[in-house]
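Asker: Counting from 1, one number per residue, gives the positions in the sequence shown under the UniProt record's numbering. For glycine and all other residues, C-beta sits at the position ideal for the given N, C-alpha and C. Treat the numbers as computed from the prediction; the structure is a model and nothing was measured.
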Amino acid sequence: MVCPTSDLCVGGCNLYASEEGPINIGGLQQFATDVFKEMRVPQIRSPDLPPLHKLPASYKARIALVGCGPASMSCATFLARLGYSDIVIFEKQPYFGGLSSAEIPQYRLPFDVVSFELDLVKDLGVKVEFNKAFGRDFTLQSLKKDYDAVFLGIGLPDPKVIPIFEGLDSSHGFFTSKTFLPLVAKASKPGMCHCKQSLPSLHGNVIVLGAGDTAFDCATSALRCGARRVFVVFRKGFTNIRAVPEEMELAKEEKCEFLPFLSPRNLLVHEGRIKGMEFLRTEQAEDGSWIEDEEQVVRLKANFVISAFGSTLGDNSVVEALTPLKLNKYGLPEVDTKTMQSSEPWVFCGGDLAGVSETTVEAVNDGKTASWHIHKYLQSLHHLSVSPVPELPRFYTPIDLVDLSVEFCGLKFKNPFGLASAPPTTTSAMIRRAFKAGWGFALTKTFGLDKDVVTNVSPRIIRGSTFGHTYGPGMGSFLNIELISEKTSAYWCGSIAELKKDFPDHVVIASIMCTYNEKDWTELAQQAERAGADALELNLSCPHGMGERGMGLACGQDPELVRNICLWVRKAVKIPFFAKLTPNVTNVVTIAKAAYEGKADGVTAVNTVSGLMGLKYNSDPWPGVGIEKRTTYGGMSGNAIRPIALRAVSAIARALPGFPILATGGIDSAEAGYQFLQAGASVLQVCSSIQNQDFTVIEDYLTGLRAALYVKNLEGMENWDGQSPPVQPHQKGKPVVKPASLGSKTLPNFGPYLQKKEALSADEKLTADLLSEDKVAASIRDIRKLRGKIPNVQDVIGESLKKIGTFGDLDITQQVVALIDEDMCINCGKCYMTCNDSGYQAIEFDAETHLPTVTDSCTGCTLCLSVCPIPECIQMVRRTTPVAPKRGVPFDQTEQFMKTRFPLCSQ
Numbered sequence: 001m002v003c004p005t006s007d008l009c010v011g012g013c014n015l016y017a018s019e020e021g022p023i024n025i026g027g028l029q030q031f032a033t034d035v036f037k038e039m040r041v042p043q044i045r046s047p048d049l050p051p052l053h054k055l056p057a058s059y060k061a062r063i064a065l066v067g068c069g070p071a072s073m074s075c076a077t078f079l080a081r082l083g084y085s086d087i088v089i090f091e092k093q094p095y096f097g098g099l100s101s102a103e104i105p106q107y108r109l110p111f112d113v114v115s116f117e118l119d120l121v122k123d124l125g126v127k128v129e130f131n132k133a134f135g136r137d138f139t140l141q142s143l144k145k146d147y148d149a150v151f152l153g154i155g156l157p158d159p160k161v162i163p164i165f166e167g168l169d170s171s172h173g174f175f176t177s178k179t180f181l182p183l184v185a186k187a188s189k190p191g192m193c194h195c196k197q198s199l200p201s202l203h204g205n206v207i208v209l210g211a212g213d214t215a216f217d218c219a220t221s222a223l224r225c226g227a228r229r230v231f232v233v234f235r236k237g238f239t240n241i242r243a244v245p246e247e248m249e250l251a252k253e254e255k256c257e258f259l260p261f262l263s264p265r266n267l268l269v270h271e272g273r274i275k276g277m278e279f280l281r282t283e284q285a286e287d288g289s290w291i292e293d294e295e296q297v298v299r300l301k302a303n304f305v306i307s308a309f310g311s312t313l314g315d316n317s318v319v320e321a322l323t324p325l326k327l328n329k330y331g332l333p334e335v336d337t338k339t340m341q342s343s344e345p346w347v348f349c350g351g352d353l354a355g356v357s358e359t360t361v362e363a364v365n366d367g368k369t370a371s372w373h374i375h376k377y378l379q380s381l382h383h384l385s386v387s388p389v390p391e392l393p394r395f396y397t398p399i400d401l402v403d404l405s406v407e408f409c410g411l412k413f414k415n416p417f418g419l420a421s422a423p424p425t426t427t428s429a430m431i432r433r434a435f436k437a438g439w440g441f442a443l444t445k446t447f448g449l450d451k452d453v454v455t456n457v458s459p460r461i462i463r464g465s466t467f468g469h470t471y472g473p474g475m476g477s478f479l480n481i482e483l484i485s486e487k488t489s490a491y492w493c494g495s496i497a498e499l500k501k502d503f504p505d506h507v508v509i510a511s512i513m514c515t516y517n518e519k520d521w522t523e524l525a526q527q528a529e530r531a532g533a534d535a536l537e538l539n540l541s542c543p544h545g546m547g548e549r550g551m552g553l554a555c556g557q558d559p560e561l562v563r564n565i566c567l568w569v570r571k572a573v574k575i576p577f578f579a580k581l582t583p584n585v586t587n588v589v590t591i592a593k594a595a596y597e598g599k600a601d602g603v604t605a606v607n608t609v610s611g612l613m614g615l616k617y618n619s620d621p622w623p624g625v626g627i628e629k630r631t632t633y634g635g636m637s638g639n640a641i642r643p644i645a646l647r648a649v650s651a652i653a654r655a656l657p658g659f660p661i662l663a664t665g666g667i668d669s670a671e672a673g674y675q676f677l678q679a680g681a682s683v684l685q686v687c688s689s690i691q692n693q694d695f696t697v698i699e700d701y702l703t704g705l706r707a708a709l710y711v712k713n714l715e716g717m718e719n720w721d722g723q724s725p726p727v728q729p730h731q732k733g734k735p736v737v738k739p740a741s742l743g744s745k746t747l748p749n750f751g752p753y754l755q756k757k758e759a760l761s762a763d764e765k766l767t768a769d770l771l772s773e774d775k776v777a778a779s780i781r782d783i784r785k786l787r788g789k790i791p792n793v794q795d796v797i798g799e800s801l802k803k804i805g806t807f808g809d810l811d812i813t814q815q816v817v818a819l820i821d822e823d824m825c826i827n828c829g830k831c832y833m834t835c836n837d838s839g840y841q842a843i844e845f846d847a848e849t850h851l852p853t854v855t856d857s858c859t860g861c862t863l864c865l866s867v868c869p870i871p872e873c874i875q876m877v878r879r880t881t882p883v884a885p886k887r888g889v890p891f892d893q894t895e896q897f898m899k900t901r902f903p904l905c906s907q
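#1: Going by the CB atoms, is the gap between residue 817 and residue 854 shorter than 9 Å?
#2: Going along the chain, which unbroken runs of the alpha helix (DSSP H) with 4 or more residues stay wholly within the region 332 to 382?
#3: DSSP three-state call for residue 412: helix, strand or coil?
#4: Helix, strand or coil: how does DSSP classify residue 811 here?
#5: Contact defined as beta carbons within less than 8 Å: I believe residue 677 pairs with residue 588. What is the distance between those atoms, to the nearest angstrom?
#6: Spatial neighbours of residue 30 within its chain, please: C-beta separation below 8 Å, excluding the five flanking residues on both sides.
#7: Can you have a look at residue 121 and say buried or exposed, based on whether 16 or more other CB atoms are within 10 angstroms of its CB?
#8: What residues match up with residue 637 in a beta bridge as DSSP calls it?
#9: Could you give the distance in angstroms between the alpha-carbon of residue 85 and the alpha-carbon of residue 325?
#10: Quick one: grab the DSSP three-state call for residue 801.
#11: Alpha carbon to alpha carbon, how far is residue 898 from residue 891?
#12: Would you report the Cα separation of residue 362 and residue 356, rounded to the nearest angstrom?
#13: Counting only the same chain and skipping the five closest in sequence on each side, list residues whose C-beta sits under 7 Å from that of residue 928.
#14: Does the pairing of the region 822 to 839 with the region 853 to 867 give three or more beta-carbon distances under 8 Å?
#15: Counting along the chain, where does the beta strand (DSSP E) carrying residue 123 start and finish?
#16: From what residue to what residue does the beta strand (DSSP E) around residue 307 run?
#17: Report the three-state DSSP secondary structure of residue 396 (helix, strand or coil).
#18: Between 823, 701 and 249, which lies nearest to residue 737 when the distance is taken from Cα to Cα?
#19: With residue 875 as the anchor, note down where its beta strand (DSSP E) starts and where it stops.
#20: Could you spell out the range, first to last residue, of the beta strand (DSSP E) harbouring residue 888?
#21: Going by DSSP, which residues form a beta bridge with residue 780?
#22: Can you tell me whether residue 521 is buried or exposed, with buried defined as 16 or more other CB within 10 angstroms of its CB?
#23: Residue 760: which of 772, 203, 771 and 747 sits nearest, CA to CA?
#24: What would DSSP say about residue 744, mapped onto helix, strand or coil?
#25: Using 9 Å as the threshold, is the C-beta distance between residue 299 and residue 107 below it?
#26: What distance in whole Å lies between the Cβ atoms of residue 264 and residue 277, which are believed to be in contact at a cut-off of 8 Å?
#27: Suppose only complete runs of 3+ residues qualify. What are the beta strand (DSSP E) ranges in the region 212 to 281, listed by chain order?
#28: Rounded to whole angstroms, what is the Cα-Cα separation between residue 65 and residue 280?
#29: Mind checking which residues open and close the beta strand (DSSP E) that includes residue 489?
#30: Near residue 373, which residues of its chain fall below 8 Å by C-beta distance, leaving aside the five closest residues on each side in sequence?
#31: If you draw a straight line from the alpha carbon of residue 479 to that of residue 636, how long is it in whole angstroms?
#32: Please say whether residue 138 and residue 72 have beta carbons closer to each other than 9 Å?
#33: Would you list the one or two residues that DSSP bridges to residue 461?
#34: Could you give the C-beta distance for residue 580 and residue 604, rounded to a whole number, given that I count them as a contact under 8 Å?
#35: Can you give me the start and stop residues for the beta strand (DSSP E) that residue 52 sits inside?
#36: Give the range of the alpha helix (DSSP H) segment to which residue 610 is assigned.
Structure (structure tokens):
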């Protein structure tokens, strides 16, 4: 939210070189955090660490942190995660957050966001004491008597003021950033303090001195406090502006004026009020130094001046309270920037006071760094050593305690996500890395007997064409003409033995393939069983290449062959086995029943869909092999086949209740996996998602599935869709606040209509209560409670099957119609176009306002909702009038109509 991502992560993103540009990391993080905040789930310590009562006495050390800003909150969090249970933060003000609360405006960093951060800190048992000022109520020397370690995060509380402003204050029209921004914050941040004060009243011209982030916060705040024009004046040029681009852009958008190369010379005061300022033009000399030109004088009229020339440590009582710390030439504590340790081993510093960090995110990192070295120092007092490499616990919530294990056929899966028999399991080393990353099980790449060994062609794995000309990660489909593993059965049997030895808690399934020959299937199945495979997958579905050899698809399209192969394998081995089914059949249920009759323990549904991905303008196919550019039909995978796979899984689950199904086909997220579970799948195999990224996608899968299960029984989340809260009316990602004066009338969000809307909203904001009780309540977190036990994976398997049936099961009397939210509508006309040329001409489009209106002709087909670019802008609501389909010709007029219009047909 306030992190300068353009200078940090986004600025270094390699995707800057791509058409879509860099990942909006800050936006994604803010969105995820905002949603999590609304879930109201507490933070807990890592379940992998010893509980507090089992930790040694060294963890009972008393730790004091001074100043409740980002650095201290970060430091306290990590110390509490490590297991320290006696931590207290002393804060001078009656509110928390430091500069984040007092000097960053509400429109940039809402107070409820800072409050949420402190709530997470307090979840771990950290205590906060307010109105405790360093230098007034205690010093370092007094803290040393009661605490084993101290962290100083008091910031730089005093402004730097140049001599021409000495003796001036707000009564003269002069503010510093340290006096102006806290006044703005207290009057606009509900919940920050119990005071009821008004915003500073400004008017006319305001000059803001400085070119840092704080200066631009002052400038944009001044506009909101009544300034007519704001001039941001700074000594150097635009290339030397210290503020992050996001801050400067906001000021520019809000019509602040920028005046570079000006240095303050004199203040113009008349009758005790500021009337203007004199500046000297600055220039940069050849040696890089900056000089002031006395001959170039600039005068600016102004009613107010806000100085934002930075901060310092100027309070003598605070400086004296730092004794016995050594101070540097700037009057700040000497700090080892690698450990944040001061000249006294028991005192650590962070944030602005340490003189290193310049942003909130850097202050947070100071606290994080200090926490580890405080831990190291405290353990050394008890002659205990810690890892030379920092090992700080990660963020945990009760969601992380949700059990994802699944058990069937005597096999226990750590979680339902595994690797499909595909390119991600080309070697045992890859499977090994996947297990370390967190995958619960893996299929080997399909292998056969040595007599059936294969050699692949190239190219053979290509991007799909089902999602247009977009490139890079996140592709919606792949097509491959890759055959089974090129490695021998000896390699895979040896690999299985090694994997089971090193990962006994993971399930390893051997994927095998033979021709329609009982001897071959018996030999290969027994080899895999002897190697230690937990189960077998019989690949009866490879759609290309292998079928020509009498294997794969050649065996899997005939129910009798499937039944017989399963019977052969059942007779040969005792371990469970699953038949891998092809979707390239008329009815996949028929094949599944054949496997069931052949005593298979379950099925895998489904393998890739046979297809031809694309032809170039010169007639060459892709992939094209050799100089002749020849190709064959390949197997399509990925999200494009998910509907086919979901249909197959649900149909099999309905036809064979309780029959285990290993689902595969477009499982690219926890949400997609959850859909397959509800459709009847027992576990989930993944391939294309890994091809799009790497094995680490499992982290998202596991946290996403745990969260989906946890929130299922969480109070107050009945209207959520998993982790997605109900969508509120918005425009360009910001809430739509409808002016009360409009009543039921709606104005579009473009052109003169938007200007009128904004003018009405601005008038209402002049009298709005920024500190109303309802706004204060929004900053208070109330942890949601669970209704009953948390469901496990088994509880949701097949949950949707009761809602899937035949068309005859559907009730034609319960109809819906489209309802368009005009506050969210962007007036693009897409709904009108699709309804007009592909639907029922039931939407009218106003030529002036561009507002669409749904008429009584709406049949609820849902095309408009499907093409609308704004989620939830269109909803399908229950129809309140009787359904009257337009038959074209009424039944009682059909005979007369045919005789009149088509006499020959009626004979």
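Answerer: Once the coordinates are examined:
#1: yes
#2: 360 to 381
#3: strand
#4: coil
#5: About 19 Å separates the two Cβ atoms, so there is no contact after all.
#6: 1
#7: buried
#8: 478
#9: 27 Å
#10: helix
#11: 11 Å
#12: 8 Å
#13: Residue numbering for the chain in the displayed model covers 1 to 907; residue 928 lies beyond these limits and cannot be assessed.
#14: yes
#15: First-last for residue 123: 111 to 123, but that is the alpha helix (DSSP H), not the beta strand (DSSP E).
#16: 304 to 307
#17: strand
#18: 823
#19: 874 to 878
#20: That residue, residue 888, is in no beta strand (DSSP E); it is neither H nor E in DSSP.
#21: Paired residue(s): none; residue 780 is not in a bridge.
#22: buried
#23: 747
#24: coil
#25: no
#26: 6 Å
#27: 229 to 233, 257 to 259 and 262 to 270
#28: 44 Å
#29: Premise fails: residue 489 lies in the alpha helix (DSSP H), 489 to 502, not in any beta strand (DSSP E).
#30: 339, 340, 341 and 348
#31: 4 Å
#32: no
#33: 480
#34: 4 Å
#35: First-last for residue 52: undefined, no H or E at that position.
#36: Residue 610 -> not in any alpha helix (DSSP H); beta strand (DSSP E) instead, spanning 609 to 611.
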